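Student: Position 242, counted from 1, in the sequence shown is what the UniProt record's numbering calls 242; the numbers after and before it change by one each time, with no gaps. Think of the CB as a built atom: it goes at the ideal place given N, C-alpha and C, for glycine as much as any other residue. Here the structure is a predicted model, which is why all the values come from computation and not from measurement.
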Amino acid sequence: MDYTDYARRIRSHASLGELSEYGRVHEGGRDYPLFRLIVPGDRWLVITSGFHGEEPAGPLTLAKHLPDIVAYAKSKGVGLRVYPCINPSGFEDGTRYNRSGEKPNNDFMRYEIAPGEWRGELIGDPVILRWALYDGGPKETRAVRTDLARFPAPDAALDIHQDNYLGGVATYAYTFGDKTAYRPMTEAAAAHATVVRSRKVDDNAYADENGLIFFHDGSVTDWYMRQGVPYAAALETTTPTTQDACDAVNLIWIRGFIDLAARGEGPHR
């Protein structure tokens, strides 16, 4: 989809809250606006989507269903900060990375596992000496992280992705926090896509019997986990899954995370 058309769809929701540009990125001779929607509430949920351009379902779900999402959040007293499409040139081109070939996503933070040895992903169970924000990385990550850091850590954080590697119609999630909180979402999602259970999804990630993965990967959800956010997840649906089915799964998790945020257990409480 041309990002100009997508931006028009997002701007059509300006009446829902405070819709603004938190930045712009320049790619291929074009400036791309980066949008954020803020809807006030007593508790807070951050929703991010569109880090990878060949994973369009999350941005499309948000563009289509924002009115319903906002209405549900308001009914629960939950405020929203929504970043619907973080990598606009990748979204427009249908490519995983941005048009410059930079790789937004796993570059919010780094772990020191030995003096002077830093890693973005923790493979196995190494000793962690400390963690730190990563000042490098693509312009898209720097822009969204700078904006996210302006606000207190939320009560919950959901990052919406897709899996372009597994075949079939399927779903799973990378999660931090109490797994029992996520099981109702995976079970409800099973009506629309097969939950990936007890199998590898890539070289370093293995889904448990509930389709959940625990993996420190330097992402936005990992960063929020380190700030004490009790519920943080990166939701995946496979790219062969239809948009309607992706919408259904994404909305199950969005509503579920609104419910979790409504508990008010965030680090700022």
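What did DSSP end up calling Val70 once you bin it into helix, strand or coil?
Tutor: Helix.
Student: Between Pro88, His65, Val82, which lies nearest to residue 315 when the distance is taken from Cα to Cα?
Tutor: Residue numbering for the chain in the displayed model covers 1 to 269; residue 315 lies beyond these limits and cannot be assessed.
Student: If I follow the unbroken alpha helix (DSSP H) through residue 274, where does it start and stop?
Tutor: Here the chain comprises residues numbered 1 to 269, so residue 274 is not present and cannot be evaluated.
Student: Three or more C-beta pairs under 8 Å: does that hold for the segment 257–265 against the segment 40–54?
Tutor: They touch, by the three-pair rule.
Student: Would the beta-carbon of Leu60 fall within 8 Å of that of Leu37?
Tutor: Going by C-beta atoms, Leu60 is not nearer than 8 Å to Leu37.
Student: When we look at the beta-carbon of Thr237 and count the other beta-carbons within 10 Å, is it buried (16 or more) or exposed?
Tutor: Thr237 is buried by the Cβ-count criterion.
Student: Within this structure, are the beta carbons of Phe91 and Leu158 separated by less than 8 Å?
Tutor: The answer is no: Cβ separation not under 8 Å.
Student: By the 10 Å Cβ neighbour count, where 16 or more other Cβ atoms means buried, how is Asn250 classified, buried or exposed?
Tutor: Per the 10 Å Cβ criterion, buried.
Student: Do the segment 158–168 and the segment 233–247 meet, that is, are 3 or more Cβ pairs less than 8 Å apart?
Tutor: As far as the Cβ criterion goes, the segment 158–168 touches the segment 233–247, which means the pair count is three or higher.
Student: Going straight from the alpha carbon of Ala132 to that of Tyr32, what length do you get?
Tutor: If you take the alpha carbons of Ala132 and Tyr32, they lie about 29 Å apart.
Student: Count the other C-beta atoms from every protein chain shown that fall within 10 angstroms of the C-beta of residue 286, then say buried if there are 16 or more, exposed otherwise.
Tutor: Examination of residue 286 is not possible in this model, given that the chain is present from 1 through 269 alone.
Student: Measure how close the beta-carbons of Arg119 and Tyr111 come, nearest whole angstrom, since I'm counting them as under 8 Å.
Tutor: The Cβ separation is near 5 Å, so the contact holds.
Student: With distance defined between alpha-carbon atoms, name the residue in Leu122, Leu129, Asp107 nearest to Tyr115.
Tutor: Per the sequence shown, the amino acid found at residue 115 is Pro instead of Tyr. Closest by alpha carbon: Leu129.
Student: Using a Cβ-Cβ cutoff of less than 8 Å, which residues in the same chain neighbour Thr194 once the five nearest sequence positions on both sides are dropped?
Tutor: So the list reads Gly168, Val169, Ala170, Thr171, once near-sequence residues are dropped.
Student: Would you list, in sequence order, the uninterrupted alpha helix (DSSP H) runs of no fewer than 4 residues that lie entirely inside the segment 117–177?
Tutor: Correct list: 139–148.
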